[in-house]
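A short write-up of the structure that comes next.
Numbering (our numbering), first residue to last: 1 to 564.
Dropping the structure here:
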């Protein structure tokens, strides 16, 4: 699957969007009045044509621009459907305005569909506005949490929204139906009904109303986004709401995700005689790091009155491992077991035995050394979240596999995984290791959701199909994540999956109503009722069916608020 750079959605200019929606509806209402109440006044068709031009060229411009981009890229989308039907409705109406006698001469009424074209634009803009307003609510909430840099980019698999996929199928189908309509008229009626066949074929294109299809997905997404926000779930990328229902595997980071994220030092193991000599260097070194384990050590040392941070000569952060600092001509380091190995420092048998017990209890271990000498081992406890076990249990009932990634050692990881019933985990995981693990799952055909809270999770989050950040995570993480859980309650995660399924179900239900309208309208437009009832498409019939279908979609979407 090809990859594309997808920019994070900018916060829309809601005032400008709202004005476009209001403007489009004002023109549409006036056009409807001219096509119904004022239909008999002089030059009514010419007036309607003049009023319809700004609706298509100004208010409808985004759809035509999107259709042009879709055409250039060879992809059908909802914009192409809007552009096709409104263009046909307008051009058909222009012909009927200036050459009405062509149809009158064969006994057909030369209806104009300027109002229909305007209503399609207005409904489509309304759907986009509702989705943008819901997105804005989410964006404001994430900004308050400190995240979402608007120029941030993510590398994501290329996906189409449901409505674009439907439009990709619907556009060629409606063109084929239109052509078949023409040929069927000519086949059964002969050359004498060519004009009737042309009228019916054009009517099919006019009645293939994209506004209901254009409303079906945005209205459902808006309902889903608002429902999620009310439940402390912020969804910044709407594709995540569609994608969550397909997730096979949820991968958790351990620290700050499955655990509380409030680690405390519970044990110090110092090399003999070193305790009082290097605490000032350790405090200074850990003060340069923003890792939760470093913060725990800083908190513990700051509680000792006699410990004052040393003035370091320099420091360097080592991604996924720890930090190294320079002090009085010597190099000191603090970090994980991998950093211990990098410096080839050895554990004494006594320290190793004591360390085993700490790790078996699920504690994180931090090593502190100078050059090739190990100076201290620090044991740090971070309690499991009270909701972790229940959240994992609920996810399993939804047939979702659970995995855990951690930078902690094998014994610590095994202890935590065992406590939570997690069978698959990776210990001593660097940021690259986490990313590789996600890629391997995807190569197995899995759809993967990654949940994390720290900067070391950013790589894995950026390549996951769905990325989820804890609300107290770093700004960088919230820039990367598609979904943010505003609280530390992991039970929100099963809720996201349920909401995803309900929202997608709502999308398909809305599309069902859209197709009911289109199916009935297309049959009438094609002339199925003409031989018996002498009925062909009229603007009033098209408008009534369109309104009924749009109301059905709106009422269906309101039901989501009562569920979840």
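Just so you know, even glycine gets a beta-carbon here, dropped at the ideal spot from N, CA and C.
- Residue range 264-270 is occupied by the beta strand (DSSP E) that includes residue 265.
- Your pair residue 117 and residue 175 does not check out as a contact, with CB atoms roughly 18 Å apart and the cut at 8 Å.
- Taking the Cα positions, residue 26 is about 20 Å away from residue 87.
- Note that the C-beta distance between residue 119 and residue 96 is not below 8 Å.
- Apart from the 5 residues on each side of it in sequence, residue 44 sits with its Cβ closer than 7 Å to the Cβ of 34, 38 in its chain, given in chain order.
- Taking residue 489 as the centre and dropping the five residues before and after it, the same chain places the C-beta of 387 closer than 6 Å to its C-beta, in chain order.
- Taking the C-beta atoms as reference points, residue 320 is found nearer than 8 Å to residue 456.
- In the structure shown, the three-state DSSP call for residue 132 is helix.
- Comparing C-alpha distances from residue 447 to each of 292, 242, 90, 326 shows the shortest one belongs to 242.
- A distance below 7 Å between beta-carbons, with the five flanking residues on each side excluded, links residue 354 to the following residues of its chain, in chain order: 269.
- Taken in chain order, the whole alpha helix (DSSP H) runs of length 4 or more contained in the stretch 180-264 are 194-207, 210-230, 238-243.
- In the structure shown, residue 50 adopts helical secondary structure according to DSSP, grouped into three states.
- Following the DSSP letters along the chain, one finds residue 394 in no beta strand (DSSP E) but inside the alpha helix (DSSP H) bounded by residues 388-397.
- Along the length of the stretch 279-311, whole alpha helix (DSSP H) runs at least 4 residues long occupy 279-287, 292-302, reported in chain order.
- Under a 10 Å Cβ-count criterion, residue 326 is classified as exposed, with fewer than 16 other Cβ atoms of the shown protein chains found around its own Cβ.
- Contact check for residue 17 against residue 187 fails: the beta carbons are separated by 8 Å or more.
- Contact annotation: residue 417 and residue 494 have beta-carbon atoms that are not nearer than 8 Å.
- In this structure, residue 379 sits near residue 267, with a CB-CB distance shorter than 8 Å.
- The beta carbons of residue 24 and residue 89 sit no closer together than 8 Å.
- Secondary structure note for residue 512: its alpha helix (DSSP H) is the uninterrupted segment 492-526.
- By the C-beta density criterion, residue 31 is buried, having at least 16 other C-beta atoms within 10 angstroms.
- DSSP places residue 178 in the helix class (H, G or I) of the three-state scheme.
- Remark: C-beta atoms of residue 553 and residue 510 approach each other more closely than 8 Å.
- Runs of alpha helix (DSSP H) with 4 or more residues, each lying fully within the stretch 397-462, are found at 410-420, 431-443, listed in chain order.
- Taking a 10 Å sphere around the C-beta of residue 402, we find 16 or more other C-beta atoms and assign the residue as buried.
- For residue 57, the secondary structure class from DSSP, reduced to helix, strand or coil, is helix.
- If you ignore the 5 residues before and after residue 259, its C-beta comes within less than 7 Å of the C-beta of 382, 383, 384, 385, all in its own chain and listed in chain order.
- Cβ contact annotation for residue 51 (same chain, cutoff 8 Å, sequence separation greater than five): 27, 30, 31, 34, 114, 118, in chain order.
- Annotation for residue 370: the continuous beta strand (DSSP E) segment containing it runs 364-370.
- The DSSP-derived three-state label of residue 486 is coil.
- Here residue 126 has 21 as same chain residues with Cβ atoms under 6 Å from its own Cβ, once five neighbours each way along the sequence are excluded.
- If the five residues before and after residue 165 are omitted, its C-beta is found closer than 7 Å to no C-beta atom of its own chain.
- Counting other Cβ atoms within 10 Å of its Cβ, residue 360 stays below 16 and is therefore classed as exposed.
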